[in-house]
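If you're matching them up, the sequences are chains A and B in order. Residue numbers for the first sequence follow the numbering used here, beginning at 6 and rising by one. Residue numbers for the second sequence follow the numbering used here, beginning at 102 and rising by one. For glycine and all other residues, C-beta sits at the position ideal for the given N, C-alpha and C. Please read all numbers here as calculations on a predicted model, not as lab measurements.
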Amino acid sequence: RKEVEQDPGPFNVPEGATVAFNCTYSNSASQSFFWYRQDCRKEPKLLMSVYSSGNEDGRFTAQLNRASQYISLLIRDSKLSDSATYLCVVAGGTSYGKLTFGQGTILTVHP
Amino acid sequence: EPEVTQTPSHQVTQMGQEVILRCVPISNHLYFYWYRQILGQKVEFLVSFYNNEISEKSEIFDDQFSVERPDGSNFTLKIRSTKLEDSAMYFCASKGLGTSTDTQYFGPGTRLTVL
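Written out as structure tokens, the structure reads:
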């Protein structure tokens, strides 16, 4: 089983649509969870951390289910600028903080 | 806003040559990392560095690789004898102490092409 597994995608949605990405992780000792976005040939950039209580940042909502080892990201009212690859990222239990990345899900928002 | 910088942005080298990739982490950060991303594949952890020593490394980080913090600002990745399969984007990242747990900030990357 892959350490971090994401929806294969790609997702092609019109502007204004709502889109959801899912992710599962295999290491139950994982302690920190994130969504990063990556534009073509650029570095990953932190989109948001994910907490067990769920958290929202504007149009973005992230959820974590530790029992199911499942993470989700919901994007409402998609914008053209949301087009990117979304990376599900998990960090282990050490303070050194090695990040484990999923393969990424490509989102294209079209007019 | 402070950021991680990396040089060069693109490095082309011949197989068997040594390369040094350079990074300047965010100034008050204490944890430093190298990751790589082969074209079309996921980002993979190489090594973490804290308190002037390697704290964790992956299977990829074999004897051909080394890291160093030669002064108070630079953090380098050396590949001693490059192979074709080392061609990838190499990202440096850093993390502070006392900031949001495990939030790492990435540099723009160095694209390494081995011919």
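On the three-pair Cβ rule with 8 Å, is the region 73-84 of chain A touching the region 160-179 of chain B?
no
Three-state class that DSSP yields for A/Ser-86 in the structure shown:
helix
Top-ranked residue by Cα proximity to A/Gly-109, from B/Gly-141, B/Gln-205, B/Gly-210, B/Lys-196
B/Gly-141
Residues of chain B with CB closer than 7 Å to the CB of A/Leu-51, please, in chain order.
Thr-204
Every unbroken beta strand (DSSP E) within the region 104-139 of chain B, with a cutoff of 3 residues, ordered by chain
106-108, 111-114, 120-125, 132-138
Scan the region 144-156 of chain B for residues whose Cβ lies nearer than 7 Å to a Cβ of chain A and list them as they occur along the chain.
Val-144, Phe-146, Ser-149, Tyr-151, Ser-156
Excluding five sequence neighbours on each side, which residues of the same chain lie with their C-beta closer than 7 Å to the C-beta of B/Gln-118?
Thr-183
Please list, in chain order, the residues of the region 111-143 of chain B that have any C-beta partner in chain A closer than 7 Å.
Tyr-132, Lys-143
Alpha-carbon to alpha-carbon, A/Asp-82 and A/Asp-12:
20 Å
9 Å is my cut-off, CB to CB: does B/Lys-179 come that close to chain A?
With a threshold of 9 Å between beta carbons, B/Lys-179 makes no contact with chain A.
Using a Cβ cut-off of 9 Å (strictly closer), state whether B/Arg-212 contacts chain A.
yes
Interfacial residues, the region 101-116 of chain A to chain B, with Cβ spacing under 9 Å
Tyr-101, Gly-102, Lys-103, Leu-104, Thr-105, Phe-106, Gly-107, Gln-108, Gly-109
Would a check of beta-carbon distances place A/Ser-31 closer than 9 Å to chain B?
no
Which chain B residues are close to A/Glu-48, counting only those with a beta carbon under 7 Å from its beta carbon?
Phe-192, Phe-207, Gly-208, Pro-209, Gly-210
Three or more C-beta pairs under 8 Å: does that hold for the region 56-67 of chain A against the region 156-165 of chain B?
no
Specify, as a first and last residue, the run of the beta strand (DSSP E) that A/Leu-78 falls within.
Here the beta strand (DSSP E) through A/Leu-78 covers 75-80.
Nearest-angstrom beta carbon gap, A/Leu-112 and A/Met-89 [assumed within contact, 8 Å]:
Checking the displayed sequence, the identity of residue 89 of chain A turns out to be Ala instead of Met. With a Cβ gap of about 6 Å, A/Ala-89 and A/Leu-112 count as contacting.
So the beta strand (DSSP E) A/Asp-62 belongs to, where does it begin and stop?
60-62
Cβ neighbour criterion (16 or more within 10 Å) applied to B/Asp-164:
exposed
At 9 Å on the CB atoms, spell out the chain B contacts of A/Ser-73, in chain order.
Those do not exist, as A/Ser-73 stays about 21 Å from chain B at its closest Cβ, beyond 9 Å.
Quick check on the DSSP output: the beta strand (DSSP E) that includes B/Pro-195 runs from which residue to which?
Sequence check: residue 195 of chain B is Ser here, not Pro. Looking at the DSSP string, the run of the beta strand (DSSP E) that includes B/Ser-195 is 189-196.
If we count the other Cβ atoms within 10 Å of its Cβ and call it buried at 16 or more, is A/Tyr-4 buried or exposed?
Here chain A covers residues 6 to 116 and nothing more, so residue 4 of chain A does not appear.
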